[in-house]
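Novice: Numbering (my numbering), first residue to last: 155 to 654. Have a look at the structure that comes next, please.
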Ligand SMILES: *Cc1c(COP(=O)(O)O)cnc(C)c1O
């Protein structure tokens, strides 16, 4: 399987090259030249397989330049029972006769980013070897919370890699901060930056675009790389769990082979829902994709009107991982739906960067409305959904998953479509315990309580165990308690790498 860029169909590179590069030089994203197919009889066979075996079947169709041994090693290192606290890795919970919750948050950081970031480091080091790169990869991450910790857990102690994570001093939650500053591993470095997320991100971007600095690193046998969600190595593993959910439902007799399902995804960067669409391209029987947003509802408007317009206010919500105004992975969908029209896609992206806005063709708009439904839920609706889901089913969703459930209910009301539906659940309720407890018990209940008290309260009310990785935070040593000025970020990297 070869890969081309969404802005240049003439490029043709291997998956190892695509994973190593991350982004194409023309600014486009790497996409597979064609979609391998999974037949219904193969899907039937998945029913008896473990998650790891399903992952191997699917990923081997994309990473064709990896040997079976290489791929198996990556999968075995990533998806272990110890790391995911469950044999199933991505279990499906039946809420009622139509709604099935795909729990993607059993990994070490309690959010769905683990599904991809546990395996990406192994893809990356394997890709480096395969393309005869010597030297160590240095991963730089600016994070507003979830991604930083998931990347740290993924890369820690992976041979041939180092990772440096910067987070804004003033805007991550207490749990998120604790998760990062207690990070262990011989190859990790974490630093707060005095300022907000933009300061941290701009600092990282500056380091990435500094040619002189790149040369200094190269002279010391280091190569910069990023772990962000446009890397093909992060997207491919996400295709697996949609097939896995379908196979689980098949095995449990909840659906018959070939029966179409709906898929609801709480969306930010459009990565997770795009992976579902790719699964459909490969043959997964899907009726509708339901794209759920919070008050940052740029995708709702886009799917309804065909106009993508980022000239709007940014809202901080209780589902912060979806507070995004540029959904980078949408470019891959546009490339596919336009019949690989690189000029059209390049034009849209140019308009987006120059005017903050573009309008797709009537043809693309129609294709999108055939397959996608979109709506959003604001914070009040999200809290209400957490409460009603718990009182009706005794199940507690986190704020992101509640956005998905709320939007699904709107879809149900509007369409009366009772087809079986998979709802992607992207975080553990414990990770957003404050909002979840406000939904269940009101504001007064949480006032003045520390994070660990909140975790215990939520465990008692929900009857769920506190995830081990969060419970352990209480007794962990704080390793990284420095705050750097935004102009000093490069010094932090230099000190860590002992260069400069
Ligand atoms: C990242 C994230 C999302 C959004 O996923 P995308 O792939 O960016 O659309 C949703 N929920 C949680 C908890 C996340 O961490």
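Just so you know, even glycine gets a beta-carbon here, dropped at the ideal spot from N, CA and C.
Measuring CB atoms only, is the region 450 to 467 touching the region 504 to 520, in the sense that at least three cross pairs come out at less than 8 Å?
Specialist: Flag = yes, the region 450 to 467 and the region 504 to 520 touch.
Novice: Which residues bound the alpha helix (DSSP H) around residue 549?
Specialist: Reading the chain shown from its first residue, position 395 is the one you call residue 549. Run containing residue 549: none; DSSP gives neither H nor E here.
Novice: Just to confirm, does residue 456 get its C-beta within under 6 Å of one of the non-hydrogen atoms of ligand 1?
Specialist: As a first step, residue 456 must be located in the chain shown, where it is residue number 302. Checking every heavy atom of ligand 1 against the Cβ of residue 456, none is found closer than 6 Å.
Novice: Taking the alpha helix (DSSP H) that residue 581 belongs to, which residues open and close that run?
Specialist: Translated into positions along the chain shown, residue 581 becomes position 427. Segment: none, residue 581 is in no alpha helix (DSSP H) and carries neither H nor E.
Novice: Considering Cα atoms alone, identify which of 325, 639, 400 and 394 is closest to residue 299.
Specialist: Looking up residue 299 in the chain shown gives position 145. Nearest C-alpha to residue 299: 325.
Novice: So what does DSSP say about residue 599, is it helix, strand or coil?
Specialist: Along the chain shown, one-based indexing puts residue 599 at 445. In this structure, residue 599 counts as helix in the three-state DSSP scheme.
Novice: Sorry if obvious, but does the Cβ on residue 531 come closer than 6 Å to a heavy atom of ligand 1?
Specialist: Numbered from 1 along the chain shown, position 377 holds the residue referred to as residue 531. The answer is no for residue 531.
Novice: Between residue 528 and residue 575, is the Cβ-Cβ spacing less than 7 Å?
Specialist: Here the question's residue 528 lines up with position 374 in the chain shown. Here the question's residue 575 lines up with position 421 in the chain shown. Result no, Cβ atoms of residue 528 and residue 575 do not sit closer than 7 Å.
Novice: Quick check on the burial criterion: 16 or more other C-beta atoms within 10 angstroms. Buried or exposed for residue 389?
Specialist: Looking up residue 389 in the chain shown gives position 235. Burial call: buried.
Novice: For a quick check, are the C-beta atoms of residue 445 and residue 427 less than 7 Å apart?
Specialist: The residue you call residue 445 lines up with position 291 of the chain shown. The residue you call residue 427 lines up with position 273 of the chain shown. Yes, these two residues count as a Cβ contact at 7 Å.
Novice: Per the contact definition of three or more C-beta pairs closer than 8 Å, is the region 479 to 494 in contact with the region 418 to 426?
Specialist: Flag = yes, the region 418 to 426 and the region 479 to 494 touch.
Novice: Anyone know if the C-beta pair for residue 305 and residue 271 falls short of 7 Å?
Specialist: Start at 1 with the first residue of the chain shown, and residue 305 comes out as number 151. Start at 1 with the first residue of the chain shown, and residue 271 comes out as number 117. Yes; because the gap between Cβ atoms is below 7 Å, this pair is in contact.
Novice: Nearest-angstrom Cα distance between residue 350 and residue 360?
Specialist: Numbered from its first residue, the chain shown carries residue 350 at position 196. Numbered from its first residue, the chain shown carries residue 360 at position 206. Taking the straight line joining both Cα atoms gives about 16 Å.
Novice: Flag residue 297 as yes when its Cβ comes closer than 6 Å to any non-hydrogen atom of ligand 1, and as no otherwise.
Specialist: Here residue 297 is taken as the residue at index 143 of the chain shown, counted from 1. Outside the cutoff, so no.
Novice: May I ask you to verify whether the region 223 to 230 touches the region 242 to 251, counting CB pairs closer than 8 Å and requiring at least 3?
Specialist: No: fewer than three Cβ pairs fall under 8 Å.
Novice: How would you write the range of the alpha helix (DSSP H) that residue 376 sits in, first residue to last?
Specialist: As a position in the chain shown, residue 376 is number 222, starting the count at 1. It is not in any alpha helix (DSSP H) - residue 376 instead sits in the beta strand (DSSP E) that spans 376 to 379.
Novice: Bridge partners for residue 158 per DSSP, in chain order?
Specialist: The residue you call residue 158 lines up with position 4 of the chain shown. In the DSSP output, where bridge partners are listed per residue, residue 158 has 185.
Novice: So, using beta-carbon positions, are residue 357 and residue 643 closer together than 7 Å?
Specialist: Walking along the chain shown from the start, residue 357 turns up at place 203. Walking along the chain shown from the start, residue 643 turns up at place 489. The answer is yes: Cβ separation under 7 Å.
Novice: Distance, Cα to Cα, residue 319 vs residue 343?
Specialist: For the purposes of this step, residue 319 is taken as the residue at position 165 of the chain shown. For the purposes of this step, residue 343 is taken as the residue at position 189 of the chain shown. Each residue's alpha carbon lies about 6 Å from the other.
Novice: Give me whichever residues DSSP pairs with residue 293 in a beta bridge.
Specialist: On the chain shown, residue 293 is found 139 positions in, with the first residue counted as 1. Partner(s): 317 and 379.
Novice: Compare the Cα-Cα distances from residue 274 to each of 380, 459, 334 and 563 and report the closest residue.
Specialist: Along the chain shown, read from residue 1 onward, the residue named residue 274 stands at position 120. Measuring from the Cα of residue 274, the nearest candidate turns out to be 380.
Novice: Which one of 519, 259, 346 and 378 has the shortest CA to CA distance from residue 395?
Specialist: Mapped onto the chain shown, residue 395 falls at position 241. Nearest option by C-alpha distance: 259.
Novice: Quick check on residue 408: does DSSP put it in helix, strand or coil?
Specialist: If you number the chain shown from 1, residue 408 lands on position 254. Looking at residue 408 - three-state DSSP - the assignment turns out to be coil, as it is neither helix nor strand.
Novice: Please determine whether the Cβ atom of residue 523 lies at a distance below 6 Å from any heavy atom of ligand 1.
Specialist: Counting from 1 along the chain shown, the entry for residue 523 is found at position 369. False, no ligand heavy atom lies under 6 Å from that Cβ.
Novice: Please say whether residue 566 and residue 521 have beta carbons closer to each other than 7 Å?
Specialist: In the chain shown, the residue the question calls residue 521 occupies position 367. In the chain shown, the residue the question calls residue 566 occupies position 412. Their beta carbons are not under 7 Å apart, which means residue 521 does not touch residue 566 by this criterion.
Novice: Go to residue 463, then tell me how far its alpha helix (DSSP H) extends in each direction, as first and last residue.
Specialist: Against the chain shown, residue 463 aligns to sequence position 309. Looking at the DSSP string, residue 463 is not in any alpha helix (DSSP H); the run it does join, the beta strand (DSSP E), is 461 to 463.
Novice: Using a Cβ-Cβ cutoff of less than 8 Å, which residues in the same chain neighbour residue 174 once the five nearest sequence positions on both sides are dropped?
Specialist: On the chain shown, residue 174 is found 20 positions in, with the first residue counted as 1. The residues are 278, 281, 282, 285, 287 and 379.
Novice: Check whether the Cβ of residue 420 lies closer than 6 Å to any heavy atom of ligand 1, and answer yes or no.
Specialist: Within the chain shown, the letter at position 266 stands for residue 420. Yes, Cβ of residue 420 sits closer than 6 Å to a heavy atom of ligand 1.
Novice: Quick one: residues in its chain with C-beta nearer than 6 Å to the C-beta of residue 263, no 5 flanking neighbours on either side, listed in chain order?
Specialist: If you number the chain shown from 1, residue 263 lands on position 109. Excluding sequence neighbours, residue 263 sits near 303, 304 and 307.
Novice: Taking the alpha-carbon positions, what's the residue 348 to residue 317 distance?
Specialist: What you label residue 348 is simply residue 194 of the chain shown in a count that begins at 1. What you label residue 317 is simply residue 163 of the chain shown in a count that begins at 1. Distance between the alpha carbons of residue 348 and residue 317: 20 Å.
Novice: Could you check the C-alpha separation between residue 605 and residue 626 for me, to the nearest Å?
Specialist: Within the chain shown, numbered from 1, the residue matching residue 605 stands at position 451. Within the chain shown, numbered from 1, the residue matching residue 626 stands at position 472. Answer to the nearest angstrom: the Cα atoms are 12 Å apart.
Novice: Can you have a look at residue 433 and say buried or exposed, based on whether 16 or more other CB atoms are within 10 angstroms of its CB?
Specialist: For this step, residue 433 is matched to residue 279 along the chain shown. Buried is the call here.
Novice: Can you give me the start and stop residues for the beta strand (DSSP E) that residue 256 sits inside?
Specialist: If you number the chain shown from 1, residue 256 lands on position 102. Unbroken beta strand (DSSP E) run through residue 256: 253 to 257.
Novice: Would you say residue 431 and residue 160 are within 7 Å of each other, going by their C-beta atoms?
Specialist: The residue labelled residue 431 in the question sits at position 277 within the chain shown. The residue labelled residue 160 in the question sits at position 6 within the chain shown. The answer is no: Cβ separation not under 7 Å.
Novice: How many Å lie between residue 267 and residue 550 at the Cα?
Specialist: The residue you call residue 267 lines up with position 113 of the chain shown. The residue you call residue 550 lines up with position 396 of the chain shown. Approximately 20 Å between the Cα atoms of the pair.
Novice: Short of 6 Å in beta carbon distance, which residues of its chain neighbour residue 218, apart from the five on each side in sequence? Order them along the chain.
Specialist: For the purposes of this step, residue 218 is identified with residue 64 of the chain shown, where counting begins at 1. Answer for residue 218: 155, listed in chain order.
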